[in-house]
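Engineer: These protein sequence lines are chains A, B, C and D, in that order.
Position 201 of the first sequence, counted from 1, bears residue number 201 in my numbering, the numbering being contiguous throughout.
Position 36 of the second sequence, counted from 1, bears residue number 36 in my numbering, the numbering being contiguous throughout.
Position 171 of the third sequence, counted from 1, bears residue number 171 in my numbering, the numbering being contiguous throughout.
Position 98 of the fourth sequence, counted from 1, bears residue number 98 in my numbering, the numbering being contiguous throughout.
Protein chains: 4
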Amino acid sequence: MTERAHTSKADDRIEAQRQRILAAAQKCFVEHGFHAASMATIADTAQMSAGLIYRYFKSKSEIIQAIIGRQLEATRDKLGQMHASTVTDMTAGIIESLDEQGPCDEHSMNGALFMEMSAEATRDPQIATALRAFDAAVRSEVANWLSRRKEQGGYGLPQDIVPARALLFVCLIEGLKVRITREPGIDRALIESALSEILPVLLEPAHKDC
Amino acid sequence: MTERAHTSKADDRIEAQRQRILAAAQKCFVEHGFHAASMATIADTAQMSAGLIYRYFKSKSEIIQAIIGRQLEATRDKLGQMHASTVTDMTAGIIESLDEQGPCDEHSMNGALFMEMSAEATRDPQIATALRAFDAAVRSEVANWLSRRKEQGGYGLPQDIVPARALLFVCLIEGLKVRITREPGIDRALIESALSEILPVLLEPAHKDC
Amino acid sequence: MTERAHTSKADDRIEAQRQRILAAAQKCFVEHGFHAASMATIADTAQMSAGLIYRYFKSKSEIIQAIIGRQLEATRDKLGQMHASTVTDMTAGIIESLDEQGPCDEHSMNGALFMEMSAEATRDPQIATALRAFDAAVRSEVANWLSRRKEQGGYGLPQDIVPARALLFVCLIEGLKVRITREPGIDRALIESALSEILPVLLEPAHKDC
Amino acid sequence: MTERAHTSKADDRIEAQRQRILAAAQKCFVEHGFHAASMATIADTAQMSAGLIYRYFKSKSEIIQAIIGRQLEATRDKLGQMHASTVTDMTAGIIESLDEQGPCDEHSMNGALFMEMSAEATRDPQIATALRAFDAAVRSEVANWLSRRKEQGGYGLPQDIVPARALLFVCLIEGLKVRITREPGIDRALIESALSEILPVLLEPAHKDC
DNA sequence: TATGAATGAGCATTCATTCAT
DNA sequence: TATGAATGAATGCTCATTCAT
């Protein structure tokens, strides 16, 4: 028991240190990019020595991997929050999620990191695989909402149109993320009006035969 | 005349060399990213000495700027091609444009570069300004199509809904670009069905009052 | 106390390293000049890696500044030593000072560095300012000796002729420094006889009305 | 005859080109120093291509040698001009010579070049030899004036004190050159008063036994 | 556990020099 | 004769990583 507790406490410390490093790294990556952020800067930001970081991560690349993992989780969290019952609530939720740009906040999906990750995935096969798996899962999760019955918190869409709708939904969100990152001053009311126009279309069973 | 021809020939050579460098740089940037691509690699790819590059570009940063300029032009070109009369044609045009990933082809909008640029814009104010100006222009160009009368090759949308529609259109395209870059193997038929479902909605005057 | 000692030890090491680098740099600058001496050569001479130097100095330019500062201090030290009571002692002191050419000795005023500094000052405003301030101070210090009463270790010269005498004294010393640097083999007895002839003139109140 | 004339004309052209290059080089060396002045800058200044310079000089080092030779000649010229009959005239002549700082004027002894040369001589044996030979010649020339009888334009100093006086004279002039280069704003009246005090001493047979 | 000194490979950039035209 | 494109070695400097303490 004592043994176990001791080990556990040590593990906690290890985990805490790792998190401290990752938080610093995320801040630096957002500010300077994966390659331009130096280990020295990350160490300074984490208020520890550069050498110590190597006790918790084998290399800078491993830190990048971990940051990407964190971002993916954050993305999934945000997506969960977007899944609200009414269109109005969903619109509000999406805008709020898109606007979270806090670089130090491990729970937000940062636009610059999102794009840096995506670019890096075209070069690093390991990252590519992780992203692909994740993206597929996300799309199927979204598909899940859309197809579930309304009583179960879904939107009751027929199976045959669900995959396309899920794709459209994801593309829309990511497209907006890109846009807000490139044009941070863009009019939020415009985004809101766009969302409140398109969301009903994406969430309704059919919209052709009027 | 001879004078002019001579000058022209020298200028042609200069321009040819610049293009050779830019083509090599684009290839390297796509493969390794802006920062990880070294001048030596670019020089090797362009089959010239590293020193020679500096006769044609003042710095690596200037090359990056030029590549970004090229990508923006390519993006605008692609956008022009997407502007077709029927939804079927437009769907085909969009998919074709999205699929062009040739790294060395200066006329295609490369996904990795698109994202690297966007990420870099959050750090480099010069790039940010260029992108912002360009994005605003693009959105207003799209708004232009949507609002023009059908007889003039437009879609005749009323002014009050045009900005939101233009934003949605751009986000959709960019979202798809991101998606194809992150999941290159994604089913093209799925994209096609998604596009053919959403495009009519975006291009029609109203879709609420069924 | 322990705290203080510990800090002191670390600071000592830093200072020791800086001095090691400066000694190596001085040797290289004397041997090759400010510009022709490369950081790699300095690093080799200091028996450390080139990168390490940058932990102690921000740039090569900063090292040059430090070396110049050292030389100025050495110059002032030598000047103090020259200030002896009898002409014979002063002659001996001056010759001894002029002959110290040890490149690695931080306490000697090296002829080549003296001239390199002076030449560099005509281009680099920062160096120019430092030199100008220093030279003015040195001349006023010399003026001080000359005007002080003999009881206070001076030569009791009247105020009106002191500035010219101080200027002549400094020019003579520097002229000799230049000469010994350009003609290292020059006859020391000749210099001695020249000094013993001119010094009484410079240190005596009047020499016109014979 | 024609042959000879032709050759002569060609030789004239060669010499003219060499002079054009040297004038440009001198300007650049004064402005940037021997090492920091690039061949490209010199070529630009001489309004010719970099490659062409190599038709007239084998290397940059050869140009430096030639510039040094020119400076030595200029120095000797100035010295001749300083050799005036009265102390007043000589004072005026010296000040005038010292003040000539024109970088492009091949006939003036530039202070920065004077010091750069002197410093370089401590490294390059070839330059060292040239300077030593020249300096010895100059000193013996000065000795010549001083010892010649007054009827022959000399100062009639006895042979035994002449070498020391010649050394003092040269050191004084060079010391002043250094001073004016390091403190360009120095009061000219101070220099004049210093010169008019010391010159009579240097030019008179004896000054001890008053 | 934690430091930060130390390394060495790599970076962007410059420059004297050559050579095809 | 004259050009300037081209080279390749060298330069100042940075940085991920290691290791003695």
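Every residue, glycine too, gets a C-beta built ideally from N, C-alpha and C.
Could you work out which residue in 166/B, 98/B, 49/B is closest to residue 141/B when comparing CA atoms only?
Structural biologist: Counting from one through the second sequence, the residue named residue 141/B turns up at place 141. Selected option, being the one with the closest Cα: 166/B.
Engineer: Just mark residue 205/D as buried or exposed, buried being the case when its beta carbon has 16 or more other beta carbons within 10 Å.
Structural biologist: As a first step, residue 205/D must be located in the fourth sequence, where it is residue number 205. With fewer than 16 other Cβ atoms within 10 Å, it is exposed.
Engineer: Does the region 54-73 of chain D come into contact with the region 9-26 of chain D, if we say contact requires no fewer than three beta-carbon pairs (one atom in each stretch) closer than 8 Å?
Structural biologist: Counting Cβ pairs under 8 Å, three or more are found: they touch.
Engineer: Reducing DSSP to helix, strand and coil, say where residue 32/D ends up.
Structural biologist: Numbered from 1 along the fourth sequence, position 32 holds the residue referred to as residue 32/D. Helix.
Engineer: Ignoring anything shorter than 4 residues, give me the alpha helix (DSSP H) runs that lie fully in the region 49-99 of chain C, in order along the chain.
Structural biologist: DSSP runs (the alpha helix (DSSP H)) wholly in the region 49-99 of chain C: 50-56, 60-82, 87-99.
Engineer: Using a Cβ-Cβ cut-off of less than 8 Å, give me the residues of the region 154-183 of chain B that come near chain A, in sequence order.
Structural biologist: Taking 8 Å as the Cβ-Cβ cut-off against chain A, the residues of the region 154-183 of chain B that qualify are 161, 163, 164, 165, 167, 168, 170, 171, 172, 173, 174, 175, 176, 178, 179, 181, 182, 183.
Engineer: With 8 Å as the threshold, decide whether the Cβ of residue 190/D is near any Cβ in chain C.
Structural biologist: Locating residue 190/D in the fourth sequence gives position 190, counting from the first residue. Cβ-Cβ to chain C under 8 Å: yes for residue 190/D.
Engineer: Drop a sphere of 10 angstroms on the beta-carbon of residue 159/C, count the other beta-carbons inside from all chains shown, and report buried for 16 or more, exposed for fewer.
Structural biologist: Along the third sequence, one-based indexing puts residue 159/C at 159. The residue is exposed, with fewer than 16 neighbouring Cβ atoms inside 10 Å.
Engineer: Note down the Cα distance separating residue 126/A from residue 43/B, rounded to an integer number of angstroms.
Structural biologist: The count along the first sequence starts at 1 and reaches residue 126/A at position 126. The count along the second sequence starts at 1 and reaches residue 43/B at position 43. Going from the Cα of residue 126/A to the Cα of residue 43/B covers about 28 Å.
Engineer: Do the region 92-100 of chain A and the region 171-182 of chain A make contact, defined as three or more Cβ pairs closer than 8 Å?
Structural biologist: These segments touch.
Engineer: Alpha carbons only, please: which of 40/B, 18/B, 118/B is nearest the one belonging to residue 57/B?
Structural biologist: Along the second sequence, one-based indexing puts residue 57/B at 57. Cα-wise, what sits closest to residue 57/B is 18/B.
Engineer: For residue 122/D, which residues in chain C fall below 8 Å Cβ to Cβ?
Structural biologist: Numbered from its first residue, the fourth sequence carries residue 122/D at position 122. Here the neighbours are 30, 111, 112, 181.
Engineer: Compile a chain-ordered list of the residues in the region 129-146 of chain C whose CB is closer than 7 Å to at least one CB of chain D.
Structural biologist: The region 129-146 of chain C vs chain D, Cβ under 7 Å: 131, 132, 135.
Engineer: The region 70-101 of chain B: which residues have C-beta closer than 8 Å to a C-beta of chain A, in chain order?
Structural biologist: Cβ contacts with chain A come from no residue of the region 70-101 of chain B.
Engineer: To the nearest whole angstrom, what separates the beta carbons of residue 199/D and residue 91/D, a pair I think is in contact under 8 Å?
Structural biologist: As a first step, residue 199/D is located in the fourth sequence; it is residue number 199 there, counting from the start. As a first step, residue 91/D is located in the fourth sequence; it is residue number 91 there, counting from the start. Their Cβ separation, rounded to whole angstroms, is 6 Å, which keeps residue 199/D and residue 91/D in contact under 8 Å.
Engineer: I need the DSSP call for residue 124/A, collapsed to helix, strand or coil.
Structural biologist: Translated into the one-based positions of the first sequence, residue 124/A becomes position 124. The answer is coil: DSSP assigns residue 124/A none of H, G, I, E or B.
Engineer: For residue 149/B, collect the residues of the same chain with a Cβ closer than 6 Å to its Cβ; drop the 5 residues on either side in sequence, then sort them by chain order.
Structural biologist: In the second sequence, counting from the first residue as 1, residue 149/B sits at position 149. Only 156 meet the Cβ criterion.
Engineer: Is the Cβ of residue 107/C closer than 8 Å to any Cβ of chain D?
Structural biologist: The count along the third sequence starts at 1 and reaches residue 107/C at position 107. So no, residue 107/C is outside the interface.
Engineer: Considering only C-alpha positions, which residue in the set 138/C, 27/C, 46/C is nearest to residue 80/C?
Structural biologist: Within the third sequence, residue 80/C is the residue found at index 80, counting from 1. Among 138/C, 27/C, 46/C, the Cα nearest to that of residue 80/C is on 138/C.
Engineer: Nearest-angstrom Cα distance between residue 87/A and residue 163/B?
Structural biologist: Translated into the one-based positions of the first sequence, residue 87/A becomes position 87. Translated into the one-based positions of the second sequence, residue 163/B becomes position 163. Each residue's alpha carbon lies about 20 Å from the other.
Engineer: In or out: residue 40/B buried (at least 16 other Cβ within 10 Å) or exposed?
Structural biologist: Counted from its first residue, the second sequence places residue 40/B at position 40. Exposed: under 16 other Cβ atoms inside 10 Å.
Engineer: Looking at the C-beta of residue 4/C, does it have a partner C-beta in chain D at a distance below 8 Å?
Structural biologist: Here residue 4/C is taken as the residue at index 4 of the third sequence, counted from 1. Legend: pLDDT at residue 4/C = 48, less than 50; position of this residue unreliable, no value from coordinates given.
Engineer: Can you say whether residue 89/D is buried or exposed, counting buried as having 16 or more other CB atoms within 10 angstroms of its CB?
Structural biologist: Within the fourth sequence, residue 89/D is the residue found at index 89, counting from 1. The residue is exposed, with fewer than 16 neighbouring Cβ atoms inside 10 Å.
Engineer: Residues of chain B with a CB under 7 Å from the CB of residue 198/A: which are they?
Structural biologist: Within the first sequence, numbered from 1, the residue matching residue 198/A stands at position 198. Within chain B, the residues near residue 198/A are 168.
Engineer: Can you say whether residue 210/A is buried or exposed, counting buried as having 16 or more other CB atoms within 10 angstroms of its CB?
Structural biologist: Numbered from its first residue, the first sequence carries residue 210/A at position 210. Note that residue 210/A scores 44 on pLDDT, short of 50, meaning its location in the model is unreliable; the coordinates nonetheless yield the value given after this. Per the 10 Å Cβ criterion, exposed.
Engineer: Between which two residues does the alpha helix (DSSP H) containing residue 39/C stretch?
Structural biologist: As a first step, residue 39/C is located in the third sequence; it is residue number 39 there, counting from the start. Start and end: 39-45.
Engineer: Just to confirm the assignment, what range does the alpha helix (DSSP H) spanning residue 206/D have?
Structural biologist: Counting from 1 along the fourth sequence, the entry for residue 206/D is found at position 206. Premise fails: residue 206/D is in no alpha helix (DSSP H) and is neither H nor E.
Engineer: For residue 71/A, which of 51/A, 128/A, 114/A has the nearest alpha-carbon?
Structural biologist: In the first sequence, residue 71/A corresponds to position 71, counting from 1. Of the listed residues, the one whose Cα sits closest to residue 71/A is 114/A.
Engineer: Quick check on the burial criterion: 16 or more other C-beta atoms within 10 angstroms. Buried or exposed for residue 129/D?
Structural biologist: Residue mapping note: residue 129/D aligns to position 129 of the fourth sequence, counting from 1. Exposed, since its Cβ has fewer than 16 Cβ neighbours within 10 Å.
Engineer: Beta carbons nearer than 7 Å to chain B: which residues of the region 38-66 of chain A have them?
Structural biologist: Cβ contacts with chain B come from no residue of the region 38-66 of chain A.
Engineer: Assuming contact is defined by CB atoms lying nearer than 8 Å, are residue 182/C and residue 123/D in contact in what I supplied?
Structural biologist: Against the third sequence, residue 182/C aligns to sequence position 182. Against the fourth sequence, residue 123/D aligns to sequence position 123. Contact: no.
Engineer: Of the residues 10/B, 76/B, 161/B, which one's Cα is nearest the Cα of residue 136/B?
Structural biologist: Working through the second sequence from its first residue, we reach residue 136/B at position 136. When each option's Cα is compared against that of residue 136/B, the closest is 76/B.
Engineer: Could you check whether the Cβ of residue 125/B sits closer than 8 Å to any Cβ belonging to chain A?
Structural biologist: As a first step, residue 125/B is located in the second sequence; it is residue number 125 there, counting from the start. No - not a single Cβ of chain A is within 8 Å of the one on residue 125/B.
Engineer: Output needed for residue 117/D: all residues of its chain with C-beta closer than 8 Å, excluding positions within five of it in sequence on either side, in chain order.
Structural biologist: In the fourth sequence, counting from the first residue as 1, residue 117/D sits at position 117. For residue 117/D, where only same-chain residues beyond five positions count, the Cβ hits under 8 Å are 68, 71, 127, 131.
Engineer: Ignore the nearest five residues each way along the sequence and tell me which others in residue 186/C's own chain have a CB closer than 7 Å to its CB.
Structural biologist: For the purposes of this step, residue 186/C is taken as the residue at position 186 of the third sequence. Cβ within range, chain order: 179, 180.
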